[in-house]
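For the sequence shown, this note's numbering puts the final residue at 192, and the numbers step up evenly by one. Ideal Cβ positions, reconstructed from N, Cα and C, are used throughout, including at glycine. Bear in mind that the values here come from a model prediction, so they are computed numbers and not experimental data. For reference, the structure is listed below as structure tokens.
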Amino acid sequence: MLRQAGLDPDRDADCVVRQPGDYGMDLRRLRSGEIDAAYVGSTMAPEAVAAEHGWQLLAWVGGHFRIPTVVLAVDPTYVSPDDPAVQAMIRAHRRALRVLHDDPDTTVRHLRTFLGGQPEAEARAGYERFIAPCFSTDGRADRTIGAAGIAAIAAELGVPETVGAEEFYCTG
């Protein structure tokens, strides 16, 4: 993504590794001039944040990989997908997906809490761009989009595609 914006991440960036979550801290550091760029989570609407502060949006991860990262996964070598506890988690996950899909006001309210009091308009813009069109109530990912994302990322990194979308998004 950075290469598409004219930057070489190996030569043009000094990365600061930190725990994810408090994107507000990154935005405060951008405003103060402590850092020149930040990678903020896709729970925020990048265009809205950039417009609010007069910044330039260099890249958006979702341009390559537009699959929400909220999943339930088990390693069948340790836990059977048919285990009653796993099945209970799947039911709870699907109930949560129904809220994300069918109740925008509740979802936006929770987003604002999770993101540290983000303005409602920004949280709603994030919901409309990243959540409403991407989450289904059945919990299944669009494998065509997944395959395109995996191919784009592998090409960007110059590595072979060793895992395809069918294997990555295995549901059985």
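Between the region 138–151 and the region 159–169 there are fewer than three inter-stretch CB-CB distances shorter than 8 Å, so the stretches are not counted as touching. C-alpha of Val-94 to C-alpha of Ser-100: approximately 8 Å in a straight line. With contacts defined as CB atoms closer than 8 Å, Gln-138 and Arg-132 qualify as a contacting pair. In the structure shown, the three-state DSSP call for Asp-56 is coil.
Judged by DSSP secondary structure, Asp-30 falls outside any alpha helix (DSSP H); it is assigned neither H nor E. Under the DSSP assignment, Thr-164 falls in the alpha helix (DSSP H) whose first and last residues are 163–177.
Counting along the chain, Ala-105 sits inside the alpha helix (DSSP H) bounded by residues 104–122. For Phe-188, the enclosing alpha helix (DSSP H) has its first and last residue at 185–188. Inclusion of Ala-33 and Leu-47 in the CB contact set at 8 Å is not warranted, their separation being larger than that value. Pairing Tyr-189 with Ala-172 gives a Cβ-Cβ distance that is not under 8 Å.
Under the DSSP assignment, Val-36 falls outside any alpha helix (DSSP H); it carries neither an H nor an E label.
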